[in-house]
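Visitor: Structure incoming, see below.
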Amino acid sequence: MGKLTTFLAVTLLLLNFGINKAAYAEAEQLVGFEAEYIVYRFGRNLGKAKLSLKADKDNLYRLDYYSKVSAFFLSDIRSETSFFSFDKSQLYPHTYAYSRTGTGSDKSTKIRFDAEKSNITINQAQPIDWTGQLDNQLYRLDVQLKLASGKREFVYDIINNRGEHRHYGLKVVGKEQLNLPFGMIEGIKVKIERNNSSRETIAWFSPQLNYQLVKLKQYKDGDEQGEIRLKYFKSENTPLETKN
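Residues -22 to -1, 1 to 222 (mature numbering (1 follows the signal peptide of the UniProt record, and there is no 0)) are what the sequence shown spells out, left to right.
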């Protein structure tokens, strides 16, 4: 279960949400969507993951993630919720919540990003300086923005679902035709690079679906840890408008 748990943590980092590519040349806009993935290991279906984006009140957006997997008598259920604002191509996290239940210890994390004080509060700890980090979900949107603009290499500083600072480098390494439960689709292949890590993660994003993540595979020391593949995708295809 340990390898599967690690894979799910990486999956949380990489499931992504939509932008309106047609509007990109003028001003990037978010597009509401629902996506569902199947989680595999060694070709075996272990469960599902869901992701949705919608506009919320007070000029905020809401991104929700949920996954449930099981292997024999072991289970793992996770959820994430991010509230954020978006202005002039910039993402501004406001709050982030993470929960994990199932076999083993339950875990949760709550993070508040305070723009006025330029600090971050993680659970009940003393605030730390906010130097531009995104939460565990929001950097994903920037991946799509950068891919839509034609960029091939980019780096991120984030606060992950354990409240820890992490630095990631992403690099486009090619394109492939993918046969997924969703159907045949083209994917831009992206390698996620980490310093001092034996893990290797490869992700595929589809230009046909607003650069949504459509497939992900993770390896550790050369051994497969898990894979997700897109099963269902529904997009509003119109920019979201937040509510005052």
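Think of the CB as a built atom: it goes at the ideal place given N, C-alpha and C, for glycine as much as any other residue. These figures come from a predicted structure and were not determined experimentally.
#1: Identify the continuous beta strand (DSSP E) that holds ALA13 and give its terminal residues.
#2: Between the Cα of SER48 and those of GLY147, ARG78, GLY25, ARG40, spot the shortest distance and give me the residue it belongs to.
#3: Does DSSP put GLN104 in a helix, in a strand, or in coil?
#4: Could you check the C-alpha separation between LEU194 and LYS66 for me, to the nearest Å?
#5: Taking contact to mean 3 or more Cβ pairs, one atom from each stretch, closer than 8 Å, check whether the region 145 to 152 and the region 187 to 207 are in contact.
#6: In whole angstroms, what separates the C-alpha of residue 259 from that of SER96?
#7: Indicate the three-state DSSP secondary structure (helix, strand or coil) for LEU191 in the structure shown.
#8: Please list the segments of the beta strand (DSSP E) lying wholly inside the region 104 to 145, counting only runs of 3 or more residues, in order along the chain.
#9: Grab me the residues of GLU4's own chain with a C-beta within less than 8 Å of its C-beta, minus the 5 sequence neighbours each way, in chain order.
#10: Whose C-beta lies closer than 6 Å to the C-beta of THR87 among residues of the same chain, with five residues either side of it excluded?
#11: Which residue wins for smallest C-alpha separation from SER60, given the options TRP182, TYR117, PRO105?
#12: Answer with buried or exposed for GLY82, where buried requires no fewer than 16 other C-beta atoms within 10 angstroms of its C-beta.
#13: Looking at GLN111 and HIS72, is the spacing between their C-beta atoms short of 8 Å?
#14: Does DSSP put PRO185 in a helix, a strand or coil?
#15: Look at the alpha carbon of ILE163 and the alpha carbon of GLU154, and state the distance between them as a whole number of angstroms.
#16: Please indicate yes or no: does the CB of ARG172 lie closer than 7 Å to some heavy atom of the ligand ADP?
#17: What are the boundary residues of the beta strand (DSSP E) that PRO159 is part of?
#18: Using the Cα positions of TYR74 and ASN23, report the straight-line distance between them to the nearest angstrom.
#19: Check this for me: beta carbons of PHE160 and PHE211, under 8 Å apart or not?
#20: Taking the continuous beta strand (DSSP E) assigned at PHE61, which residues delimit it?
#21: Looking at ILE137 and ILE98, is the spacing between their C-beta atoms short of 8 Å?
#22: Quick check on the burial criterion: 16 or more other C-beta atoms within 10 angstroms. Buried or exposed for GLY21?
Guide: Here's the rundown:
#1: Its beta strand (DSSP E) spans residues 8 to 19.
#2: Looking only at GLY147, ARG78, GLY25, ARG40, the smallest Cα-Cα distance to SER48 is reached by GLY25.
#3: Note: GLN104 maps to coil in three-state DSSP.
#4: Spanning the two alpha carbons is a distance of roughly 29 Å.
#5: The answer is no - the region 187 to 207 does not touch the region 145 to 152, with fewer than three Cβ pairs under 8 Å.
#6: Because the chain is modelled from -22 through 222, residue 259 falls outside the range shown and cannot be assessed.
#7: It is a strand residue.
#8: Along the length of the region 104 to 145, whole beta strand (DSSP E) runs at least 3 residues long occupy 131 to 137, reported in chain order.
#9: Confidence at GLU4 is low in this model, with a pLDDT of 34, below 50, so its placement is unreliable and no value can be given for it.
#10: Residues of the same chain with a CB within less than 6 Å of the CB of THR87, apart from the 5 flanking positions on each side, are TYR76, ASN139, GLY141 in chain order.
#11: The option with the nearest alpha carbon to SER60 is TYR117.
#12: It counts as exposed.
#13: No, Cβ-Cβ distance for HIS72 and GLN111 is not below 8 Å.
#14: In the structure shown, PRO185 sits in a helix (DSSP, three-state: H, G or I).
#15: Taking the straight line from one Cα to the other gives about 8 Å.
#16: Absence of the ligand ADP from the depicted structure is noted, as is the absence of any ligand whatsoever, leaving it without description.
#17: Where PRO159 is concerned, there is no enclosing beta strand (DSSP E), given that its DSSP letter is neither H nor E.
#18: Straight-line Cα distance between these residues: approximately 29 Å.
#19: Yes.
#20: Where PHE61 is concerned, the enclosing beta strand (DSSP E) stretches over 52 to 65.
#21: Contact: yes.
#22: The residue in question, GLY21, is exposed, as its Cβ has fewer than 16 Cβ neighbours within 10 Å.
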